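Asker: The listed protein sequences correspond, in order, to chains A, B and C. Residue numbers for the first sequence follow my numbering, beginning at 2 and rising by one. Residue numbers for the second sequence follow my numbering, beginning at 478 and rising by one. Residue numbers for the third sequence follow my numbering, beginning at 125 and rising by one. The structure that follows is given in the form of structure tokens.
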Amino acid sequence: MGLDTASLDSAMLKTKIQGLVKSFGLPRLIIALFLLLLFIIAPFAGLNFFTGLSDTFNRFGMNAVLVLAMVPMIHSGCGLNFGLPLGIISGLLGATLSLEFEFTGMASFLMAIVFSTPFAVILGYGYGVLLNKVKGGEMMIATYVGFSSVAFMCMMWLLLPYDNPSMVWGFSGEGLRTTISLEGAYSGILMNFLSLEIGHLKIPFGMFLFFALLAFLVWGFLKTKTGTAMTAVGSNPVFATASGVSVDKMRTLSVVMSTWLGAVGIIVYQQSFGFIQLYMSPFYMALPAVSAILLGGASVNKASITNVVIGTFLFQGILTMTPSVMNGLIQTDVSEVIRIIVSNGMILYALTRKQEATR
Amino acid sequence: MEKTEIPLLEMKGISKDFFGNQVLNDINFTLHRGEILGLVGENGAGKSTLMKILFGMEEILQTGGYGGDVLIDGKKVLFKSPEDALRAGIGMVHQEFSLLPEFTVAENILLNREPEKYSVMSELFGKRLNTVDRAEMQRRALKAISKLGIELDAGKRIQDLPVGYKQFTEIARELSKEDDKRDEGASSLRLLVLDEPTAVLSEKEAETLLSAMHMLSEAGIAIIFISHRLHEITSACDTVMVMRDGLIIKKVPAKSANVSDIASWMVGRSVSTERVERKVEVRSDKDILKVEHLKVIMPGEMVRDVSFSVKEGEIFGIGGLAGQGKIGIPNGIMGLYNAMGNVEFDGKKVTLNAPRMPLDEGMAFVSEDRRGVGLLLDESLEWNVAFAAMQIKEDFLKKIGPMKFRDQRAIEKVTKEYVDLLEIKCTSTRQKAKELSGGNQQKVCLAKAFALSPRLLFVSEPTRGIDIGAKALVLSALRRYNEEHKVTIVMVSSELEELRSICDRIAIIQDGRVADILPATSDSTEFGMLMVSKVNKEAN
Amino acid sequence: MKKFDLKELLVNNVVTIIFVVICAVSIPISGYSPSYLISEVITRISRNSFLVLSLLIPVMAGMGMNFGMTLGAMAGQIGLIYACDWNVVGIPGMVLAAIISTPISIILGYLCGEILNRARGREMVTSYIIGFFMNGVYQFFVLYLMGSIIPIASQSLILPRGYGVRNTVNLIGMRKSLDTLIDLRIGGVQIPIATFIVIAIFCVFFLWFKRTKLGQDMRAVGQNNEIARDAGIKVEKTRILSIVLSTVFAGYGMIIYLQNIGTLNTYNSHSQIGTFSIAALLVGGASVDKANIRNVFLGIILFHLMFVIAPLVGKNLIGQAQLGEYFRVFVSYAVITLALVLYEMRKRRAAKLALMEEA
């Protein structure tokens, strides 16, 4: 008798676990367990658990907004935003302009966002219109739009008439430097704001709050009439058209939003990093953001704020923990390889997944 | 034809059901060498299922096989795949072309059956590195073409050919199969099935095709000719077989049948749906919708030149065979497909090709394509019901400052109302639309349209693919909605009896044009005649 | 009617035309002598043709530009590493490298083809990500396993830390061994006759291949998967074969490319090969669904002419060679973007035209 209930219980447990695995996604589960393992063995590699956690938190705060920039475009059915560099470029323009006009402290941070906004809107609009003309082939074209614009801006950084001595090359007096220090401007402005320190554990509440604010705005937007229409466009564009919604308009709006979030994302990244990186640095920035949101459980046409939070945490966790733990254990730094395989493997998984019966 | 010889094909007591839904019932017929059998019937009469059985299509086996026997040369056969049928000498030309546009006629005729020349590389890497023998290919293609008694340049690319010649290429492909090196016991083409081959042809091309059919028949090849053009059936066939509701209604020599008899056999119903008389009179004399010279470019449902008007409060039916353009009409007016012409609603001109306009004016549309157009399959019932009304009429929103947010409570309330009203079976209003059955999905589509509280409602194929119980419910819901809210309804359906049961007037669409508009109480034969008779193209 | 044709001709060849214009304008500005340019172009043709030719087969099978050709390049590099390790030089070394690369290419190509079959409709973006993913795997093997688990005899190939292949491998024993096999100089310009013969053989092979049953099947599959399948062609297998062939040839192409360069950048040589080969092919007038041998050679001439002269043009115009370098990077990406956009737009227009015709 007792045996029967036990086996029944275990069977139920099994189906329950299977259901959980299914809803959570196998790759996500594996990565999560791997991360957990890293945290557990960290002390054996001579690494403090809390230091590891603090680093992960910090990098979460740095990257979360960039990952959030994926959400609007996925919602409207434009696919994964491989064109994120376009948003980053807007952010770089805003950041350099803010420095050019010699803003300092909090003002420089806010002005960077303000200056980047018109660029993000204009570039995002053009990009959105382009993507409307190539429906079905968005992702490849987005990738190359990103690449071309980065290369184009490389020329612009050389040519644009910036003349703040802290930014241009010292010897020639023209052309922006590859890295520009944010000392005195907005370096660490969010990172050190409301930062809580308990022993080894450091929690950057300032960055969390800023991300939460943006995430709340996106979440709230998705609950409005327009946000609902955007989701419907992504879910079934023909349905949306038949309900009187302009698919192209919604898609363009989503691209503008994603581009703007990308711009803000890079500025948040810079304040934590302490430098503005120009020229080829935005080149491969889309891939980590794309794989993070996929790791968080998003698919090519569905994404939520939860996906952003979970994905960024897992992805950045792996990125922070593997180098130190691996180094401590086997004196070999395979973290770069793991990063490449995990992030691209995640994207491949998403691209080859059978789409759930949408349409 | 001497009837004493063993027939080429005999079907004995064939029956087939799909999950309890009987689509074929006790089908018995024989076909002799060189005989041309005209097979007619409305869409859904069971013709294509019968052909699928003959071809051993996978979907037949996967859904539990069929009852009865298929006999070839008096011997029982069981085809497990189209290849088996091919080996027995049965070929089929489908309605949709399976031709590659950039290949030449010859390449298409011999697609994947190309004659090969030996190449040394094939010893190393396998047979696929033999080269294709183009001269032999040309020869075989021309041989097959010549059997049709037509001229066709085998070196021309398909995309440069007029549509009629594409059809001939398809037939030539079947004929060319006799030249293939076949394994023992395989036979050359003996029976050819042509599924609506003339539907896309011009009159002249159709004539050429019919004469080609005669040449084949004289060469001893039997043909099953499926067509809706009844005059072709009567002139080209030896025998006519009419199917309806999964039964063979009539099988007579073509000489003894005339077009109007065949039409009435096709559409007549043994059990006709009860006509529901109006309880309340809501019709007025005012024209609420006027359509003039409407042209809609919808693939497979082209509307060429349609004019009609609908009275306020009326239930107006639009019928006709599949592919004739009836479905294009609401899709064109509602802006989902490119349309031209003049449409007036309540005295106001409707802007075409702008889906928002007709919705704003108070028209709504329940699409025939439930899963593609009608529903957000991945979203909840609440979203499906409320979305259109939210976007068009700003219902179910609450304002906070300048922002308009979804009013979850209002959405839930309205969805619950419709779930009760239309008896939608679901676990909750949050259930995803894709988890519902077809009938319930259809009710959700209706609820979506009702929530818009339109003045005119288009419903297209409202009962397609749903079970009988749900059918009755949907139809009565439409009638009730019409009477209670005085809403004009334009209903498009392939099922004539369904139209006759609730409509006031019915327009029959044939070849993208209105054949005629009759009161719904007219005799079904009259409607049948309209569906299959040729509209005089010069009339316009 | 004729005017319409002219417009069509311009639109269809806009990428090529832009390049002709760029080259025509820049050559005088660069100030290079014609003989220098000719010898450069000859070198570039001998160096790159084989790689670009390897892209033709997947286009024929309807799989678009094979961004996964980097997989073949990696296989070719592994072949070269072993040829160096075993100290086999000259032509025998190249042959050995080719022999080693073949099975690796076949395995990688097969994997790539399998994955692409699961990502139908987005083959290009998927093959592009596969390239990244495999780069991680390649690094794992070459940087960590070689010399530690996979035996490498020659210590000169191994990093000082004791395992992993050095960043550069000197191919001095093989340098130009094919190019100079048949020595011919015209006016001081070295003509790599033997390489040209190999390229010519490949061209003949390609033309012959188009006439084989397999080639015929690929063309059929390329036009319409469903119709080909109905006719009994094994669509999936055919698609995989096209990728396998392309990967194998890309491997050989990489060996030819590197014997001309003379040094192997273990971790970088392959990474840009895909982009530049595809850009060259597109410049030659190819599109995603159509490419022929003429496109290959015209493309290489135009694209590499631009590549050679761009830095000097930048210097002569603005005084910065760096600008020219960024310009050529920009142009490579912009060309691919433009070609992809035009392809998508043409596809939509063709569908619309077909619809109008039916009416």
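For each residue, glycine too, the CB sits at the ideal point set by N, CA and C. Fair warning: this is a prediction, and the values are worked out from it, not measured in the lab.
How is the beta strand (DSSP E) around S784 (chain B) delimited, first residue to last?
Answerer: That run of the beta strand (DSSP E) goes V780 to K788.
Asker: By the DSSP assignment, the alpha helix (DSSP H) with K597 (chain B) in it spans what residues?
Answerer: Per the sequence shown, the amino acid found at residue 597 (chain B) is Val instead of Lys. Note, V597 (chain B): alpha helix (DSSP H), V597 to F602.
Asker: Pull the bridge partners of M880 (chain B) from the DSSP assignment, please.
Answerer: DSSP, once it has assigned bridges, lists B:I877 as partnering M880 (chain B).
Asker: At the level of alpha carbons, what is the spacing between N165 (chain A) and F274 (chain A)?
Answerer: Cα to Cα, the separation comes out at about 21 Å.
Asker: Tell me which same chain residues have a C-beta within less than 6 Å of the C-beta of R171 (chain C), skipping the five on either side of it?
Answerer: Within the same chain, R171 (chain C) has close Cβ partners Y381 and N384.
Asker: Which residue or residues does DSSP assign as beta-bridge partners of S492 (chain B)?
Answerer: B:G544, per the DSSP bridge assignment.
Asker: Helix, strand or coil: how does DSSP classify D249 (chain A) here?
Answerer: Reduced to three states, the DSSP call for D249 (chain A) is helix.
Asker: Looking at the C-beta of M71 (chain A), does it have a partner C-beta in chain E at a distance below 8 Å?
Answerer: In the structure shown, chain E cannot be found, because the protein chains are A, B and C.
Asker: Under a Cβ-count criterion, where at least 16 other Cβ atoms within 10 Å of its own Cβ denotes burial, should P152 (chain C) be classed as buried or exposed?
Answerer: That one is exposed.
Asker: In chain order, what residues of the region 336 to 354 of chain C put their CB closer than 9 Å to some CB of chain B?
Answerer: Cβ contacts with chain B come from T336, K337, L338, G339, Q340, D341, R343, A344, G346, Q347, N348, E350, I351, A352 and D354.
Asker: Using a C-beta cutoff of 8 Å, does V465 (chain C) count as contacting chain A?
Answerer: So, interface residue.
Asker: Can you tell me which residues form a DSSP beta bridge with D993 (chain B)?
Answerer: Partner(s): B:I985.
Asker: Kindly say whether T307 (chain A), judged by its beta-carbon, lies nearer than 8 Å to any beta-carbon of chain B.
Answerer: False, the Cβ-Cβ gap to chain B never drops below 8 Å.
Asker: Using a cut-off of 8 Å between C-beta atoms, extract the partners of R883 (chain B) located in chain A.
Answerer: Correct list: K224, T225, K226 and T229.
Asker: Quick check: is the beta carbon of G137 (chain A) nearer than 8 Å to any beta carbon in chain B?
Answerer: No, G137 (chain A) does not count as interfacial toward chain B.
Asker: Less than 8 Å between the beta carbons of V759 (chain B) and E512 (chain B), yes or no?
Answerer: No; because the gap between Cβ atoms is not below 8 Å, this pair is not in contact.
Asker: If I follow the unbroken alpha helix (DSSP H) through F330 (chain C), where does it start and stop?
Answerer: I317 to R335 is the extent of the alpha helix (DSSP H) around F330 (chain C).
Asker: Could I get the ranges of all uninterrupted alpha helix (DSSP H) runs contained in the region 833 to 904 of chain B, with 4 residues as the minimum, in chain order?
Answerer: Runs found: 833 to 838, 858 to 870 and 885 to 898.
Asker: Provide the residue span of the alpha helix (DSSP H) that contains I700 (chain B), from first to last.
Answerer: Taken as a continuous stretch (DSSP letters only), I700 (chain B) belongs to no alpha helix (DSSP H), being part of the beta strand (DSSP E) at A699 to I703.
Asker: Hey, quick one: how far does the alpha helix (DSSP H) through E198 (chain A) stretch, first residue to last?
Answerer: No alpha helix (DSSP H) contains E198 (chain A), which is instead part of the beta strand (DSSP E) from S196 to I199.
Asker: Taking CB distances under 8 Å as the criterion, tell me whether I253 (chain C) reaches chain A.
Answerer: Interface residue, yes.
Asker: Within the same chain, show all residues whose beta-carbon is closer than 8 Å to that of L678 (chain B), passing over the 5 residues directly before and after it, in chain order.
Answerer: Excluding residues within five positions, the ones whose Cβ falls inside 8 Å are V640, G641, Q644 and L686.
Asker: Considering only their Cβ atoms, is the gap separating M378 (chain C) from A197 (chain C) smaller than 8 Å?
Answerer: It is a contact, given that the beta carbons lie within the stated cut-off.
Asker: Going by DSSP in three states, S411 (chain C) sits in which element: helix, strand or coil?
Answerer: If DSSP states are grouped into helix, strand and coil, S411 (chain C) belongs with the strands.
Asker: When you compare only the Cα positions, how much space is there between L858 (chain B) and T904 (chain B)?
Answerer: Rounded to the nearest angstrom, the two C-alpha atoms are 10 Å apart.
Asker: Is there at least one Cβ from chain A nearer than 8 Å to Y391 (chain C)'s Cβ?
Answerer: No - not a single Cβ of chain A is within 8 Å of the one on Y391 (chain C).
Asker: Is it buried or exposed for G312 (chain C), if we count other Cβ within 10 angstroms and need 16 for buried?
Answerer: Per the 10 Å Cβ criterion, exposed.
Asker: Tell me the rounded alpha-carbon separation between L315 (chain A) and Y270 (chain A).
Answerer: Distance between the alpha carbons of L315 (chain A) and Y270 (chain A): 18 Å.
Asker: Does any CB atom of chain A fall closer than 8 Å to the CB of F451 (chain C)?
Answerer: With 8 Å as the cut-off, F451 (chain C) counts as an interface residue toward chain A.
Asker: When the Cα atoms are used, what is the spatial distance from E591 (chain B) to A277 (chain C)?
Answerer: Rounded to whole angstroms, E591 (chain B) to A277 (chain C) spans 52 Å at the Cα level.
Asker: Mind checking who S182 (chain A) pairs with in its DSSP beta bridge?
Answerer: A:F276, per the DSSP bridge assignment.
Asker: Could you round the C-beta distance between M74 (chain A) and V256 (chain A) to whole angstroms and report it? I think they count as a contact, below 8 Å.
Answerer: Sure, about 6 Å apart at Cβ, within 8 Å.
Asker: Can you tell me whether Y160 (chain C) is buried or exposed, with buried defined as 16 or more other CB within 10 angstroms of its CB?
Answerer: Exposed, because fewer than 16 other Cβ atoms sit within 10 Å of the Cβ of Y160 (chain C).
Asker: Could you check what DSSP says for K127 (chain C) in three-state terms: helix, strand or coil?
Answerer: Residue confidence is low: K127 (chain C) scores 49 on pLDDT, short of 50, so the model does not pin down where it sits. Its coordinate-derived value is still stated next. Here K127 (chain C) sits in helix by DSSP.
Asker: So who's on the other strand from D354 (chain C), going by DSSP bridges?
Answerer: DSSP, once it has assigned bridges, lists no residue as partnering D354 (chain C).
Asker: Please identify, using Cβ separations under 7 Å, the residues of the region 553 to 573 of chain B that lie next to chain A, in order along the chain.
Answerer: Cβ contacts with chain A: none found.
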